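Here's the structure, in structure tokens; my notes come after.
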Amino acid sequence: MTEKAPINQEREDKSRVRTEQEYVDMCVQYALSIGWVKEAQKDFLIEKYLKPIHRKYLEIIEELRKEKVPEDDLAKTVLRMNNCLESTRRIGSTDPENIIRSIEDARKSVMGRREKEKAYRSRPDDCKKRRNFLENFSLPQSETCE
Numbered sequence: 156m157t158e159k160a161p162i163n164q165e166r167e168d169k170s171r172v173r174t175e176q177e178y179v180d181m182c183v184q185y186a187l188s189i190g191w192v193k194e195a196q197k198d199f200l201i202e203k204y205l206k207p208i209h210r211k212y213l214e215i216i217e218e219l220r221k222e223k224v225p226e227d228d229l230a231k232t233v234l235r236m237n238n239c240l241e242s243t244r245r246i247g248s249t250d251p252e253n254i255i256r257s258i259e260d261a262r263k264s265v266m267g268r269r270e271k272e273k274a275y276r277s278r279p280d281d282c283k284k285r286r287n288f289l290e291n292f293s294l295p296q297s298e299t300c301e
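In the numbering used here, the protein residues as written are 156 to 301.
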């Protein structure tokens, strides 16, 4: 059991919501180290690309919390979105709209799964069948006992 603890800790860390500063630092450090941007350009990178991406990331997480998504599903979504954020660090020049779309896709996959579960649980067809059965086999008003 002790062996699995580091894996769980690593998974929890990867599914932790990233702060804007963590994200910006990660991307800027990488962009500077590979020469993609110069020191003088980093503010432009932060304002035009990184902050809008991180804002969308937080908006989606907040939406999921408002919808009271189970913590397990929320953690899975955050993990997927963190992977999207990680990829922006590596590819750097990606248009923020593409990254935002990837982040939204991660959200939709969880929400789509939740909607299917809700539909399965409610199963309105079963209710209709029961209602029709009762209507067809109820006694007409004139034949009821009083």
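All C-beta atoms in this analysis are idealised placements derived from N, C-alpha and C, irrespective of residue type, glycine included. This structure is a prediction, so every number in the text was calculated from the model and none was measured.
Using the three-state DSSP reduction, which class does residue i fall into: helix, strand or coil?
{"i": "proline 225", "result": "coil"}
{"i": "serine 170", "result": "coil"}
{"i": "valine 192", "result": "coil"}
Looking only at its own chain, which residues have a Cβ that is under 7 Å from the Cβ of residue i, when we skip the five neighbours before and after it?
{"i": "leucine 294", "result": "Unreliable placement is indicated for leucine 294, whose pLDDT of 43 sits below 50; the coordinate value is still reported in the next sentence. Counting only Cβ-Cβ distances below 7 Å, and skipping sequence neighbours, we find nothing."}
{"i": "leucine 200", "result": "Val183, Ala186 and Val192"}
So, is residue i buried or exposed, given that buried needs 16 or more other C-beta atoms within 10 angstroms?
{"i": "arginine 220", "result": "exposed"}
{"i": "lysine 211", "result": "buried"}
{"i": "lysine 186", "result": "It is alanine, not lysine, that sits at residue 186 in the sequence shown. By the 10 Å Cβ count, alanine 186 comes out buried."}
{"i": "threonine 174", "result": "exposed"}
{"i": "isoleucine 189", "result": "exposed"}
So, at 8 Å on beta carbons, what are the nonlocal neighbours of residue i in its own chain, with the 5 sequence-adjacent residues on each side left out?
{"i": "lysine 197", "result": "Val183, Ala186 and Leu187"}
{"i": "serine 170", "result": "Ala230, Lys231, Val233, Leu234 and Asn237"}
{"i": "valine 172", "result": "Leu213, Ile216 and Val233"}
If distances are taken between C-alpha atoms only, which option among the options comes closest to residue i?
{"i": "glutamate 217", "options": "Thr232, Lys206 and Lys203", "result": "Thr232"}
{"i": "proline 207", "options": "Val224, Thr243, Ser170 and Glu226", "result": "Thr243"}
{"i": "glutamate 202", "options": "Asp180, Lys169, Leu229 and Glu222", "result": "Asp180"}
{"i": "histidine 209", "options": "Glu226, Asn237, Glu194 and Val192", "result": "Asn237"}
{"i": "tyrosine 204", "options": "Tyr178, Val224 and Glu194", "result": "Tyr178"}
With a CB to CB cut of under 6 Å and the five nearest residues on each side skipped, what residues in its chain are close to residue i?
{"i": "leucine 229", "result": "Leu219"}
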